[in-house]
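Trainee: Quick one: structure below, then a few questions.
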Amino acid sequence: MKNRYDAIIIGAGPAGLACSTELADKGLEVAVLDEQAAPGGQIYRNISKTSARQRAILGPDYTAGLELIRAFTEATVDYLPQTRVWQAEAAGEVFFSHDNRSGRFQAPFLALNTGAMERPVPFPGWTLPGVMTCGGMSNLYKDSTLVPREPVVLAGSGPLLWLVAEHLLALEAPIAAILDTTPLKQMLTAMPELPAALRRAGYLFKGVKMIAAVQLAARKAKVPMYRQVSGLRAEGDGRVERVKASCRGRELSFEASTLLVHEGIIPNTALLRQVGCRHSWNPVQRYWHPQVDASGKTSLGSVYVAGDGTFVHGAKAAELKGRLTGLTIARELRRLTEPDYRRQAAEVQAELQEELLPRPYIDALYAPRKDLFTISDETTVCRCEGVTAGRIRELVEQGYTDHNEIKSIIRCGMGPCQGRMCGSAVMELVAEGSGRSPEETRQMRLRPPIKPVSLQELANATLGEPDES
Amino acid sequence: MNRGNSTFTRSEPLSGDDTITIFFEETACEVPAGVTVAAALLGHDDHHFCRSAADQEKRAPHCLMGVCFECLVEIDGVKNRQACLEPVREGMQVKRQHEPVDESK
Ligand code: FES
Chain A
1 MKNRYDAIII GAGPAGLACS TELADKGLEV AVLDEQAAPG GQIYRNISKT SARQRAILGP
61 DYTAGLELIR AFTEATVDYL PQTRVWQAEA AGEVFFSHDN RSGRFQAPFL ALNTGAMERP
121 VPFPGWTLPG VMTCGGMSNL YKDSTLVPRE PVVLAGSGPL LWLVAEHLLA LEAPIAAILD
181 TTPLKQMLTA MPELPAALRR AGYLFKGVKM IAAVQLAARK AKVPMYRQVS GLRAEGDGRV
241 ERVKASCRGR ELSFEASTLL VHEGIIPNTA LLRQVGCRHS WNPVQRYWHP QVDASGKTSL
301 GSVYVAGDGT FVHGAKAAEL KGRLTGLTIA RELRRLTEPD YRRQAAEVQA ELQEELLPRP
361 YIDALYAPRK DLFTISDETT VCRCEGVTAG RIRELVEQGY TDHNEIKSII RCGMGPCQGR
421 MCGSAVMELV AEGSGRSPEE TRQMRLRPPI KPVSLQELAN ATLGEPDES
Chain B
470 MNRGNSTFTR SEPLSGDDTI TIFFEETACE VPAGVTVAAA LLGHDDHHFC RSAADQEKRA
530 PHCLMGVCFE CLVEIDGVKN RQACLEPVRE GMQVKRQHEP VDESK
């Protein structure tokens, strides 16, 4: 296999697919590396194999991906599915494991389209088997048509909570309750952003209508729904048996064997932090995101990021951002003249701007609520190493405000997930204890390998292979 | 196959030729072809996939998208495999992982 390309694209979600298709179109040699077995990312997961019924349940927002997949399948790219990238270097190198071997590719341009993940929020019992994310449930259904057959509780805030509820209701899964944790007052704080959002009223109303329809269906199916829920916890012996919460002073308790949680979506920046591009802090959505220009170019120049990895804007925007990045890299590689680039990029940009109009409103409405990270001392924050909030608070009280230091003292963030699951919470605990905004503290670093790589894979390296290009 | 332990069910029937056999803790299980190891196991016995290194607590898939590392299993003798990313293959040997092993360090 070749190991030198014009560009290496990481991730085969909407951004990666659009970006690589654009580059291949311009006659450039591209490698696409993705963790999953099939293209589509999380949103269009398994789309080429899902049944007619699955597609009907998942709806047009899912089948919208078919066209993207078709174009990608027809494009001439070296596509490596089931590939774990464990290191990227700004000089244009990517190290990965694929099929029990490790490899290294080189290219003058990298596009790291690592997408997004659900915001991990610790609460008592969140490590119990049976506690999953709403997105995880959706993935499970897309992969295998599995649905809960025993009582399931959905809890959290954001459109995905209602979307998954919609699917589960249509599939007649036994929903024990839907607990919406969005504070009422965020409706008010989001108000100033509404006029811009209304310039794309169609989009906004589609969301509002979806949620209203789910609530109607839930009422018909006699599924209890609660608003302004707080104090979520899961209990059970070795797995979830009960879900408890409070709702405006009232204590709730449900027998359930699955709890699906969702507290918003954040960029998945693990690889971006490892490669070392500069990030900014967003105080509304409270997450770090890479600093990129309109084309997705990071502070590292030859490293680009497109899609939800730059900022969470949804699947359609991710596709458009991927396209822009593709066009820009093609221009840098002189496969596109300046006037052609300007014309094509302007079209995509106009569409993207339209797509982004409602986002500030949605971001404010579903911003992480004030008490989201009010974590009790006994609650496990770092799942891998079993570190509690109390232990982290102790260190913050002693003056430690850097996750990198906290990690080296109590191993918080040192396990296999490398802080992907505890990062947001540690940052908030530091902010709470020190009174400093996360902006003033250092971001958590990731050292390679950022994915487990076995000795065998390293031994089976193809690094030394003669350069075939 | 014993499905008594699973809290999930397939919402669409599977025809006979679409299944393959994998081994979970040395027991043969018939599972749908083409699904991930995580989906295969969750449809079969979702009690737990691994134990946490720090306190030996039972853990099972949480994110199903490759970020939480709570689905680590041993596949054909290789540890630290993320079950939510790995598709099933005929004859695959899957075992619970009782503690994450960091082979790289
Ligand atoms: S379930 Fe989270 S990494 Fe596999």
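Chains as they are written, first to last, in the numbering used here: chain A, 1 to 469; chain B, 470 to 574. By construction, the Cβ of each residue, glycine as well, lies at the ideal position given by its N, Cα and C atoms. Remember, predicted model here, so these are calculated numbers, not experimental data.
To the nearest whole angstrom, what separates the beta carbons of A:Pro108 and A:Ala256, a pair I think is in contact under 8 Å?
Mentor: Within the first sequence, numbered from 1, the residue matching residue 108 of chain A stands at position 108. Within the first sequence, numbered from 1, the residue matching residue 256 of chain A stands at position 256. In this structure, A:Pro108 and A:Ala256 do not form a Cβ contact; the two beta carbons are roughly 52 Å apart against a cut-off of 8 Å.
Trainee: Could you give the residue range of the beta strand (DSSP E) that holds A:Ala245?
Mentor: Along the first sequence, read from residue 1 onward, the residue named residue 245 of chain A stands at position 245. Where A:Ala245 is concerned, the enclosing beta strand (DSSP E) stretches over 242-247.
Trainee: Which residues in the same chain have their Cβ closer than 6 Å to the Cβ of A:Glu355, if we skip the five residues on either side of it in sequence?
Mentor: Taking the first residue of the first sequence as 1, we reach residue 355 of chain A at position 355. Closer than 6 Å at the Cβ level, and outside the excluded window around A:Glu355, lie Lys316, Ala317.
Trainee: With a threshold of 7 Å between beta carbons, is A:Met444 in contact with chain B?
Mentor: Along the first sequence, read from residue 1 onward, the residue named residue 444 of chain A stands at position 444. It does not; no Cβ of chain B falls within 7 Å.
Trainee: Going along chain A in order, which residues have a C-beta closer than 9 Å to the C-beta of B:His516?
Mentor: Counted from its first residue, the second sequence places residue 516 of chain B at position 47. Under the 9 Å cutoff, chain A gives Pro129, Gly238, Arg239.
Trainee: Could you run through the region 521-547 of chain B and flag, in chain order, every residue whose CB is less than 9 Å away from some CB of chain A?
Mentor: Ser521, Ala522, Ala523, Asp524, Glu526, Lys527, Arg528, Ala529, Pro530, His531, Cys532, Leu533, Met534, Gly535, Val536, Cys537, Phe538, Glu539, Leu541, Val547
Trainee: Which residues in the same chain have their Cβ closer than 8 Å to the Cβ of A:Arg420, if we skip the five residues on either side of it in sequence?
Mentor: Stepping through the first sequence from its first residue, residue 420 of chain A is reached at position 420. Excluding positions up to five away in sequence, the list reads Met117, Pro120, Asn268, Ala270.
Trainee: How would you list, in chain order, the residues of chain A whose beta-carbon sits under 9 Å from the beta-carbon of B:Arg479?
Mentor: Within the second sequence, the letter at position 10 stands for residue 479 of chain B. Simply Ser144, Thr145, Leu146, Val147.
Trainee: Does A:Pro466 pass the burial test, meaning 16 or more other C-beta atoms within 10 Å, or should it be called exposed?
Mentor: The residue labelled residue 466 of chain A in the question sits at position 466 within the first sequence. Residue confidence for A:Pro466 is low, a pLDDT of 45 falling below 50, so the modelled location carries little weight; the figure read from the coordinates is stated next. A:Pro466 should be labelled exposed.
Trainee: Please name the residues in the region 501-512 of chain B whose beta-carbon is closer than 8 Å to at least one beta-carbon of chain A, in chain order.
Mentor: Pro501, Gly503, Val504, Thr505, Ala507, Ala508, Ala509, Leu511, Gly512
Trainee: Under 7 Å from any heavy atom of the ligand NAD, by CB: list those residues in chain order, please.
Mentor: Only the ligand FES can be found as ligands here, which leaves the ligand NAD out of the picture.
Trainee: Can A:Pro358 and A:Ala197 be called in contact, C-beta distance under 7 Å?
Mentor: Numbered from 1 along the first sequence, position 358 holds the residue referred to as residue 358 of chain A. Numbered from 1 along the first sequence, position 197 holds the residue referred to as residue 197 of chain A. Yes, the pair counts as a contact, with Cβ atoms nearer than the cut-off.
Trainee: In or out: B:Glu555 buried (at least 16 other Cβ within 10 Å) or exposed?
Mentor: Looking up residue 555 of chain B in the second sequence gives position 86. B:Glu555 should be labelled buried.
Trainee: Name, please, each residue of chain A whose Cβ falls closer than 8 Å to the Cβ of B:Thr476.
Mentor: Looking up residue 476 of chain B in the second sequence gives position 7. Simply Gly130, Pro148, Arg149, Glu150, Ser257, Thr258.
Trainee: When you compare only the Cα positions, how much space is there between A:Thr83 and A:Asp99?
Mentor: As a working mapping, residue 83 of chain A is identified with position 83 in the first sequence. As a working mapping, residue 99 of chain A is identified with position 99 in the first sequence. Computed Cα separation, rounded: 8 Å.
Trainee: By how many angstroms is the C-alpha of A:Ala345 removed from the C-alpha of A:Pro339?
Mentor: Taking the first residue of the first sequence as 1, we reach residue 339 of chain A at position 339. Taking the first residue of the first sequence as 1, we reach residue 345 of chain A at position 345. Distance between the alpha carbons of A:Pro339 and A:Ala345 is about 10 Å.
Trainee: For A:Tyr79, tell me which candidate among A:Ala88, A:Ile69, A:Gln87, A:Ile375 has the shortest Cα-Cα distance.
Mentor: Start at 1 with the first residue of the first sequence, and residue 79 of chain A comes out as number 79. For the residues A:Ala88, A:Ile69, A:Gln87, A:Ile375, the minimum Cα distance to A:Tyr79 belongs to A:Ile69.
Trainee: For a contact defined as C-beta to C-beta under 8 Å, what are the partners of A:Cys384 on chain C?
Mentor: The chain labelled as chain C is not found among the protein chains of the depicted structure, namely A and B.
Trainee: Indicate the three-state DSSP secondary structure (helix, strand or coil) for A:Ser253 in the structure shown.
Mentor: Residue numbering aside, residue 253 of chain A sits at position 253 when the first sequence is read from its first letter. Strand, per DSSP.
Trainee: Taking 7 Å as the threshold (C-beta atoms), are A:Trp86 and A:Pro449 in contact?
Mentor: Stepping through the first sequence from its first residue, residue 449 of chain A is reached at position 449. Stepping through the first sequence from its first residue, residue 86 of chain A is reached at position 86. Cβ distance < 7 Å, so A:Pro449 and A:Trp86 count as in contact.
Trainee: Where does the unbroken alpha helix (DSSP H) through A:Glu432 begin, and where does it stop?
Mentor: Indexing the first sequence from 1 puts residue 432 of chain A at position 432. Unbroken alpha helix (DSSP H) run through A:Glu432: 423-434.
Trainee: Within the 7 Å Cβ cut-off, does A:Pro416 reach chain B?
Mentor: For this step, residue 416 of chain A is matched to residue 416 along the first sequence. It does: the Cβ of A:Pro416 has a partner Cβ on chain B nearer than 7 Å.
Trainee: For A:Glu481, which of A:Val426, A:Ile57, A:Glu440 has the nearest alpha-carbon?
Mentor: Outside the modelled stretch of chain A, which goes from 1 to 469, sits residue 481 of chain A, for which no answer is possible.
Trainee: If you drop the 5 nearest sequence neighbours on each side, which residues of the same chain put their C-beta closer than 6 Å to that of A:Gly158?
Mentor: Locating residue 158 of chain A in the first sequence gives position 158, counting from the first residue. Counting only Cβ-Cβ distances below 6 Å, and skipping sequence neighbours, we find His262, Gly264, Tyr366.
Trainee: Is it the case that the Cβ atoms of A:Pro30 and A:Val94 are separated by a distance below 7 Å?
Mentor: As a position in the first sequence, residue 30 of chain A is number 30, starting the count at 1. As a position in the first sequence, residue 94 of chain A is number 94, starting the count at 1. Per the sequence shown, the amino acid found at residue 30 of chain A is Val instead of Pro. Judged by beta-carbon spacing, A:Val94 lies beyond the 7 Å limit of A:Val30, meaning their Cβ atoms are not closer than that value.
Trainee: Is DSSP giving A:Trp86 helix, strand or coil here?
Mentor: Walking along the first sequence from the start, residue 86 of chain A turns up at place 86. Of the three classes helix, strand and coil, the one that applies to A:Trp86 here is strand, per DSSP.
Trainee: Give the single residue among B:Leu533, B:Arg520, B:Thr488 whose Cα lies nearest to the Cα of B:Glu543.
Mentor: Against the second sequence, residue 543 of chain B aligns to sequence position 74. Per the C-alpha coordinates, the member of B:Leu533, B:Arg520, B:Thr488 positioned closest to B:Glu543 is B:Arg520.
Trainee: Closest to B:Asn474 by C-alpha separation, out of B:Phe493, B:Val500, B:Leu511, B:Ala497, would be which residue?
Mentor: Your numbering for residue 474 of chain B matches position 5 in the second sequence. Closest in alpha carbon position to B:Asn474, among B:Phe493, B:Val500, B:Leu511, B:Ala497, is B:Leu511.
Trainee: So, is A:Leu216 buried or exposed, given that buried needs 16 or more other C-beta atoms within 10 angstroms?
Mentor: The sequence position of residue 216 of chain A within the first sequence is 216, counting from 1. Of the other Cβ atoms in all chains shown, fewer than 16 fall within 10 Å of the Cβ of A:Leu216; this residue is therefore exposed.
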